[in-house]
Structures are given as C-alpha cells and as structure tokens.
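Student: The structure under discussion is supplied below as structure tokens; questions concerning it will follow.
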Amino acid sequence: MKSLSAGLILLVSLTITPAVAFAQYSSTNYQTNEVFFGLGGDLDASSTNYQLQSALGLLGVGDVSSTNYRSFGGFLTPNEPFLELAIDSSSVSLGNLETTTTKTGTAIFHVRAYTDSGYTVQTISQPPQIPATSETLEPLSSASASVIGTEQFGMNLVANTSPASFGANPSPQPDSSFATGQAASGYDTTNLYKYVVGDTIASTGNSGWGATIFTMAYIANISSITEAGEYVMVHDLVVVAIY
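In numbering that gives the first Met the number 0, the protein residues as written are 0 to 242.
Below is the structure:
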C-alpha cells in the first residue's frame, strides 16, 4: 500500500473594484448624503451592555431599481458600499494519502457585503504541489465524483455524503432574507467535486448585502503511480465587487 503526505495551507487576498457611485444632494453651502422621511431615529444608542440602531415612522424600506439606478429605502442604510472577506480556518491537514481511501477536509470563510449588485469569489491558486517541483495532484476539470485509486483533487461548497459526511451548504446570516451568498455552478452539487484555477466558486444571488458563511469541502485521492512527497497548497481567494 502506497502512502504520501499532503497538506493545505489557506490564505486569503482581497480585491475590490474601485468604481463606486452614490447619489448626493449638494449646493455651495451644504451636502446631504442621505435623506430620510419619518419621525427620526438614532444610529448609536448604547450602554455598557447593549448597542442599538433604531428608526421611527419609516415610510418605506427595501430597495427599488431600474436599468440605470438602484435606491435603498430606510433610515439605517449606509451611504457607502463595503465588502469584507475573512478566512475562518487557517490550515487544513489531509494527513497521509492512501490508494485505498479518500481523504477529506474543510475550511470556512465568510463574506460580508453592502454593494449594489453583489460580488464573486474566485480561486486563483494552483492545486497541491510538492514544493520546488512540478508534481501536483491532478485537479478535476469538471464536476466529478470521488474515485478511490485515481489521482484526484477537487472541492465544492455544499454538504456531502460521499466519500464521507462533510462540508456544509452556504449559510446566509441569519437567513436567506438577509443575505444571498451561494455556491457557483460546478461547486454547488452534492458529492461532485471540481478544481479549476480562476474559477468563480461563490457569488451573490439577487442582492449584494448581508453576510454569508461558506465551507470549502476538499477531497484528495492518489493512484499507485502518484509521486510520493509532501503536497502543499497555499489557497488564495479573491472577492470582487460587482457594480
């Protein structure tokens, strides 16, 4: 029985496109970034034990849009967009790979956003490789099942039952009415795995706000002719805002 050591180290990078526009009212003597019709509110009501943002008498909430414009209604609507990506698992060790079993692992990241049209998350790293060599685990170019004894490396962003029960579906916080992050095509099918450098692995649905937790589920298989050694992957993710 042949075995080898493999590990994954996950890092993250962040890219945001700079083109941003938001409406303002202004004259020579004043500028208003936001206008609110209602009884009022407080952006920072707090004490030692709590913090509160509140509004009274809202005449409308939510968003309206057309081909060229989008407006968000309500007192608590930030006047500038933001986009945040954070990695919540610093490393994943798959241990010793064997020809008789599939090794699995997971890593978690989250995206928090308030943008007009959403975001995409891309993977830009090469598959696991023996450092200082050209030897890599064979990445799956299309969504495929795990096959023991065949050299494979892949991932998805959903809950799986094969080759083990691992992974999780994207989790909008606190639910899908507040955020719409989802796994991208090719990475959204239970028990099917893929890895292509440059692929979009996650994106938003019909809105670009809220926080979503994503779980990356990895698989690795080796064959009898896989080169022995320690395989390492520094997994870089890039999140890009869409305007």
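Cβ coordinates follow ideal geometry from the N, Cα and C atoms, glycine included.
Who are the near neighbours of I212 in its chain, counting only those whose CB is closer than 6 angstroms to its CB and skipping five residues on each side?
Tutor: Within the sequence shown, numbered from 1, the residue matching residue 212 stands at position 213. If we look at I212 and ignore the five residues flanking it on each side, its Cβ neighbours are H109, S170.
Student: What does the Cβ neighbour count give for A201, buried or exposed, with the cut at 16 atoms within 10 Å?
Tutor: By 1-based counting over the sequence shown, the position of residue 201 is 202. The residue in question, A201, is buried, as its Cβ has 16 or more Cβ neighbours within 10 Å.
Student: Judging by CA-CA distance, which residue of N168, V146, S88 is the nearest neighbour of S161?
Tutor: Within the sequence shown, the letter at position 162 stands for residue 161. Ranking N168, V146, S88 by Cα distance to S161 puts V146 first.
Student: Which word fits G153, buried or exposed, when buried means at least 16 other C-beta atoms lie within 10 angstroms of its C-beta?
Tutor: On the sequence shown, position 154 is the one that residue 153 refers to. That one is buried.
Student: Three or more beta-carbon pairs under 8 angstroms between the segment 186-199 and the segment 219-227, yes or no?
Tutor: In short, these stretches do not touch, since the Cβ pair count stays below three.
Student: Considering only residues of the same chain and omitting the five flanking positions on each side of Y113, which have a CB-CB separation below 6 angstroms?
Tutor: Counting from one through the sequence shown, the residue named residue 113 turns up at place 114. These residues qualify, in order along the chain: P77, P80, F81, W208.
Student: Under a three-way DSSP split, which group does P171 fall into?
Tutor: Start at 1 with the first residue of the sequence shown, and residue 171 comes out as number 172. P171: strand per DSSP, three-state reduction.
Student: For the beta strand (DSSP E) holding S202, just list the boundary residues, first then last.
Tutor: By 1-based counting over the sequence shown, the position of residue 202 is 203. Segment 199-203, the beta strand (DSSP E) holding S202.
Student: Taking the beta carbon of N155 as the centre, do at least 16 other beta carbons fall within 10 Å, making it buried, or is it exposed?
Tutor: Numbered from its first residue, the sequence shown carries residue 155 at position 156. With 16 or more other Cβ atoms within 10 Å, it is buried.
Student: Closest to D235 by CA distance: which of S89, Y49, N48 is it?
Tutor: For the purposes of this step, residue 235 is identified with residue 236 of the sequence shown, where counting begins at 1. Of the candidates S89, Y49, N48, the one whose C-alpha sits nearest the C-alpha of D235 is S89.
Student: Do Q172 and the ligand NAD come close, with the Cβ less than 7 angstroms from some heavy atom?
Tutor: The ligand NAD is not among the ligands present in this structure, which contains no ligands whatsoever.
Student: Per DSSP, what are the beta-bridge partners of I86 in this structure?
Tutor: Walking along the sequence shown from the start, residue 86 turns up at place 87. Looking at the DSSP assignment, I86 forms a beta bridge with F108.
Student: If you count every other CB in all the chains shown that lies within 10 Å of the CB of D115, and 16 or more means buried, which is it?
Tutor: In the sequence shown, counting from the first residue as 1, residue 115 sits at position 116. Label assigned to D115: buried.
Student: Considering only their Cβ atoms, is the gap separating Y192 from S143 smaller than 8 angstroms?
Tutor: By one-based count along the sequence shown, residue 143 stands at place 144. By one-based count along the sequence shown, residue 192 stands at place 193. A contact, by the Cβ cut-off of 8 angstroms.
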